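Working notes, beginning with the structure itself.
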Amino acid sequence: MNPTFVTLSGPLQGLSTLRRVFAAAVFTSLLGLPASAVTYQYYRFKPTSFATGGNQIQLSEFNFKNLGTPVSMATAVASSAGQGTGGGEDPPKVIDGSTATKWFRGDALTDGNELIINFGAPTTVDNYNLATANDNTTWGRTPSGWVLAGSNDGTNYTTIDIRPNGTITANSNFTFLGGANGYTILEQPAQSINAFGVLNTSTEGTSAIVVNGQSASLAWNTSFATEVQLTGPSVSSTVAAVGSQSVTPPDGLTSTYTLTATQPPLAAVTRTAQVRAVAGGSKTYRFVRYTGIKRRGGPASITQVSEFEFYNGSSAVPGNKVAVTTAFNPGGDSPANEGVANLVDGNFASKWLDFNSAPVVFDFGAAATFDRYLFVTGNDAEDRDAINWTLEGSNDETTWDLIENVNFDYPTPVARNASTREIPLPGASLLAQVGLFTGNATTLANGQPLTLTYKTTGASSVSITSGAAGGTLPSSFDLSGSFSVTPTATSTYTLTANSGVGLPVTATFTVTVIPNPGTGGIDYTNFAAAGAEILKTGAAAIDLPSNRLRLTPNLNGQLGSAWFINKLNVALGFQADFGLSLNKTPDGSPPADGVAFVIQNSAAGSNETGTGEAGLPQNALNIKFTTYGGGGNDSRVEVRDGTTVLASTVTATTPGVRLYGLPGQPNTLGSSDTDPAYQIKVVYVPGDLDVYLDGIAVIQNVSVDLQEIGAADAAGKSFFGFTARTGGFTQNNDITGWQVKLGNFASLPPFGMVKQMLRYNAGETKPASVDLVWNARSGSTYNVYGTTDFVTWGEPIVIEAGLDGQIGTNMIISTVLGDVSKAFFRVEEVTED
129 MNPTFVTLSG
139 PLQGLSTLRR
149 VFAAAVFTSL
159 LGLPASAVTY
169 QYYRFKPTSF
179 ATGGNQIQLS
189 EFNFKNLGTP
199 VSMATAVASS
209 AGQGTGGGED
219 PPKVIDGSTA
229 TKWFRGDALT
239 DGNELIINFG
249 APTTVDNYNL
259 ATANDNTTWG
269 RTPSGWVLAG
279 SNDGTNYTTI
289 DIRPNGTITA
299 NSNFTFLGGA
309 NGYTILEQPA
319 QSINAFGVLN
329 TSTEGTSAIV
339 VNGQSASLAW
349 NTSFATEVQL
359 TGPSVSSTVA
369 AVGSQSVTPP
379 DGLTSTYTLT
389 ATQPPLAAVT
399 RTAQVRAVAG
409 GSKTYRFVRY
419 TGIKRRGGPA
429 SITQVSEFEF
439 YNGSSAVPGN
449 KVAVTTAFNP
459 GGDSPANEGV
469 ANLVDGNFAS
479 KWLDFNSAPV
489 VFDFGAAATF
499 DRYLFVTGND
509 AEDRDAINWT
519 LEGSNDETTW
529 DLIENVNFDY
539 PTPVARNAST
549 REIPLPGASL
559 LAQVGLFTGN
569 ATTLANGQPL
579 TLTYKTTGAS
589 SVSITSGAAG
599 GTLPSSFDLS
609 GSFSVTPTAT
619 STYTLTANSG
629 VGLPVTATFT
639 VTVIPNPGTG
649 GIDYTNFAAA
659 GAEILKTGAA
669 AIDLPSNRLR
679 LTPNLNGQLG
689 SAWFINKLNV
699 ALGFQADFGL
709 SLNKTPDGSP
719 PADGVAFVIQ
729 NSAAGSNETG
739 TGEAGLPQNA
749 LNIKFTTYGG
759 GGNDSRVEVR
769 DGTTVLASTV
779 TATTPGVRLY
789 GLPGQPNTLG
799 SSDTDPAYQI
809 KVVYVPGDLD
819 VYLDGIAVIQ
829 NVSVDLQEIG
839 AADAAGKSFF
849 GFTARTGGFT
859 QNNDITGWQV
869 KLGNFASLPP
879 FGMVKQMLRY
889 NAGETKPASV
899 DLVWNARSGS
909 TYNVYGTTDF
919 VTWGEPIVIE
929 AGLDGQIGTN
939 MIISTVLGDV
949 SKAFFRVEEV
959 TED
C-alpha cells in the first residue's frame, strides 16, 4: 500500500499567528521503494518549537541514510532564506561532516527561514539525523519539534515526517539527537498539535484573562489526527482538525483546557491552554510598578517590551487611555536608544530593553483611575517576553499595594510588535504571589538539616505542610522568612499563600534524602564507588571507565560543579588532598579555563553552580587553578576570599615545580590526557592556609579565617567541592581522587631538603640552573653554598631569612660558579641561641 501524506494549504502557524488553515489529502506514489523510503531532490527542515520557547536555532550536522547506508552529501547544497554561504555559521556548515562547525539563525520559526537541502537530483532516503552544536548550555536553540518535507521542484512540498513538541527534552552539545539510529521517515506521520492556545491575531481574539462571565477564544491547528477533542470546564466535544471555539471559564478561577489528538494505535498527543476569569474592578493610584517575574525563555533576565498602556474601560475608545507622564526604571541597564521612555512613546516600533529586568515605575502625574492594561511585544527575540508579572500601585512611591499577579504562564504573543489585548485588573480575585520558595539543597543526607526560604507578596496568611517524613515544622509562619527542618526521607513541602480575597496560591519544594555518608571527612581514592553523596550540577559527571570526577568535558562553553553532600566541621582545621588533571589531547590550541577548590557557606549550599575557575563570589574560600591567559595566568594559583585575591603565584616559575605542559605551551597547568594528575594538598588552621603542588608549597602562610569571611557557619561547618569552566578553548577538568581529613595538620617538619631539581634550556643537555627547596622555620637563617670539588665551599651564595614552611630558590649555575662541568650545593640552618 502506498503511504498517504497530508500537506497543509498554508504554513504551520505559531500560537499568536494562528489562522484558520484546513488540511487536504495528497497521495504520493512511492512504487518500488520500501514503505518508509521517499525520493525527492529537495528536503526542507522546519522547526516548530523549542524547549524553552525561543526562536533561534543552531545545528552542527544534518544527514540522511537509505537502507542503513549514509547518503552522500558531496553534491548537496544547504541554504536558508536570506543567509549567505560565506559566513562562519552559514547553512553549508550543517552538511560539512563536522560537528565542530554549525549553522545558526535567528527567527527560525518564521515562515521561509527553513533549512533547505538540495541534492541536485531526486535522492532516496528513509532515515535522517541532526546534531547539536557547541555553546548551547541551556538547549534553548535546540528544536524540540519539527516538520520534514520533500519536493522535486523546490516550491511544492509534501510533509514526510512530523516530530511534535517534546520530541527533545534534554540534551548535550555535539550530540546527534536521534542517537545512533536517527529518525525513520514514517509511512504515516504521527499526529501532532501544531498550535493550541488563546486566539490573538492582529484582526481577532481576546486576552487570556477575562472578566467573570465573559468568553475567550481558543484556536488550534493539528495534523494527521483521526480525532481531535477539546475538554475543559463545561467543554467536552470532538472538534475539527483546525478551528476555534469560545469558552467561558468559571468565575474567579484559572481554568485549564486540553486539546487531545489521537491516531490509533499511537499514543495520544495533548496540549493545554489556560484562561483566567477575574472579578475585575478599577484602581486609583499615581504610580504603578510593573515587575517581570518570568520570561518565555525562563527566569527574568534580559527583558523587552515595546509599549505599555493603561485604560479605564475598553481600549477601543481612544479617550479611555490613561496618559502616562513619565516612566523610569530604577536599577535597569538599557542601551542608549532602547530606554524605558520608549514604553510610553506611542510607537510600537521602539522598545524598552533591560539587561537587568528591573521593575518599571509609571507616573500618571496625579492619581488616576484605570481598570485595564495591555503591553506590546518587542521587535525580536520572543524569549525575552514576560509571561509572569505583577503590578503594584502607590501614591507616595514608598507604600506599594499589589494589584495584579499573573502567576500562570500567560500566552504572550509570539508575533512581534503584537498586543496582549486589554487585560482587566483582578479586583476581588487578586491572587497572592509566591515570589520564592526554595531550599538550600535538593538532595540531602539523612539527619542533616534543610533550610527552607520563602517570600510572598499580597498574602494575608501563609501555611507550609509536608508529610510525616518532612520533619517538625513551625506551628505558624510569617508572610516571608526561612526556617530549618530535618527530613527523614524524601519529602515535598507545600506552601499555601492566601490573600483573603482571592483563591490561595501554592508552591512546592521537594528534597531527596539519601543515606548519610557521615561528617568525619571525605575519602575517594578514585570515584568508582561515588554515589549520590556527591552532588553534581551542570556538566559534572563521574567519567567511566577512568573513574574520575569530570567537572567539565573537553567541549566549548561548559560549566560544572560538585559538592560533598554534608557540611564538615573546619573549626580546628583540615587537610585536603586531591588529584588535579586539567587535560586534553594535544591539538595545538591552548587549554582553558580551570578549576576552583571551594570551601563555602553559601545560602544556596549544595545547589551552588559557581562561576567556574573563580569559584563563588561570596561566603567562600576559593583556590583557583587556571590554564589560560599567558603572562603567568596559564599556570596561576590564587587564594581568594570570594572575589578578593589574598595570595597569588605563578607555578611555572616556582622553584621545585615541574609542569607537564603541552606542545608549544610548556608553562601551562594544562597537560596531555596521558600525563599523571598533579597532587594538590591544602592545609588550613584558622588564621593560616598553605597550598602544595606535588609536595611543593606554592602558596603558604595566607592569613585567613573561614568563619570570619563567611565561608563557615556559626558552628564552624562548611561545604567542600569544586567548580570548573571551559569557554572558547577547552580541556577536561578532572579530579582523580579526593580526601579531606579534619583537625590540625599544620605541624612543621624538621629542617631538611624537600627537592633538588635541574632545569635545562631548550635544546641543551647541560643543566642551566638548579632549584633547591627545603623545610624551614621562622627565627632561623639559611645559607646556601656551592662548590665544584666538594671541598672548598667558600662564602654563602644565597642567604635566606627563615619562615614557617618551605623555602625555594633557583640558582643559575654559570652565574654562581662559572662555566663548570660539575657542581655541588649545600644548605645550612643557622639558629640563634
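Its first residue numbered 129, the sequence shown is counted upward by one per residue in this note's numbering. Ideal placement from N, C-alpha and C gives every residue a C-beta, glycine not left out. The structure presented is a predicted model; accordingly, all values stated were derived computationally and were not measured.
Taking the beta strand (DSSP E) that residue i belongs to, which residues open and close that run?
| i | result |
| --- | --- |
| residue 244 | 243-253 |
| residue 907 | Premise fails: residue 907 is in no beta strand (DSSP E) and is neither H nor E. |
| residue 708 | 702-712 |
| residue 980 | Only positions 129 to 961 of the chain appear in the structure, and residue 980 is not among them; the question remains open. |
| residue 417 | 411-423 |
| residue 189 | 189-194 |
| residue 652 | 649-652 |
| residue 692 | 687-692 |
With which residues is residue i paired in a DSSP beta bridge?
| i | result |
| --- | --- |
| residue 821 | 808, 824 |
| residue 341 | Residue 341 is not bridged to any residue. |
| residue 939 | 898 |
| residue 621 | 637 |
| residue 933 | 904 |
| residue 271 | 178 |
| residue 921 | Per DSSP, none; premise fails for residue 921. |
| residue 204 | Residue 204 pairs with nothing; no bridge assigned. |
| residue 752 | 724, 766 |
| residue 373 | 346 |
| residue 926 | 912 |
| residue 386 | 359, 400 |
By DSSP, does residue i sit in helix, in strand, or in coil?
| i | result |
| --- | --- |
| residue 309 | helix |
| residue 899 | strand |
| residue 947 | coil |
| residue 529 | strand |
| residue 470 | helix |
| residue 577 | coil |
| residue 802 | coil |
| residue 479 | coil |
| residue 846 | strand |
| residue 830 | strand |
| residue 93 | Given a span of 129 to 961 for the chain in the structure shown, any question on residue 93 remains unanswerable. |
| residue 571 | strand |
| residue 597 | helix |
| residue 514 | strand |
| residue 960 | coil |
| residue 398 | strand |
| residue 603 | coil |
| residue 331 | coil |
| residue 446 | helix |
| residue 488 | strand |
Is it true that the CB of residue j sits closer than 7 Å to the CB of residue i?
| i | j | result |
| --- | --- | --- |
| residue 927 | residue 944 | no |
| residue 621 | residue 708 | no |
| residue 347 | residue 330 | no |
| residue 169 | residue 250 | yes |
| residue 866 | residue 881 | no |
| residue 908 | residue 956 | no |
| residue 905 | residue 897 | no |
| residue 699 | residue 810 | no |
| residue 845 | residue 695 | yes |
| residue 876 | residue 818 | no |
| residue 98 | residue 586 | With the chain covering 129 to 961 only, the question about residue 98 has no answer from this structure. |
| residue 450 | residue 440 | yes |
| residue 436 | residue 481 | no |
| residue 654 | residue 675 | yes |
| residue 619 | residue 597 | yes |
| residue 948 | residue 920 | no |
| residue 769 | residue 837 | yes |
| residue 487 | residue 419 | yes |
Using 8 Å for Cβ pairs, my map puts residue i next to residue j. What's the rounded Cβ distance?
| i | j | result |
| --- | --- | --- |
| residue 771 | residue 720 | So it is not a contact: roughly 20 Å between Cβ atoms. |
| residue 815 | residue 833 | 6 Å |
| residue 463 | residue 499 | 34 Å between Cβ atoms; not a contact. |
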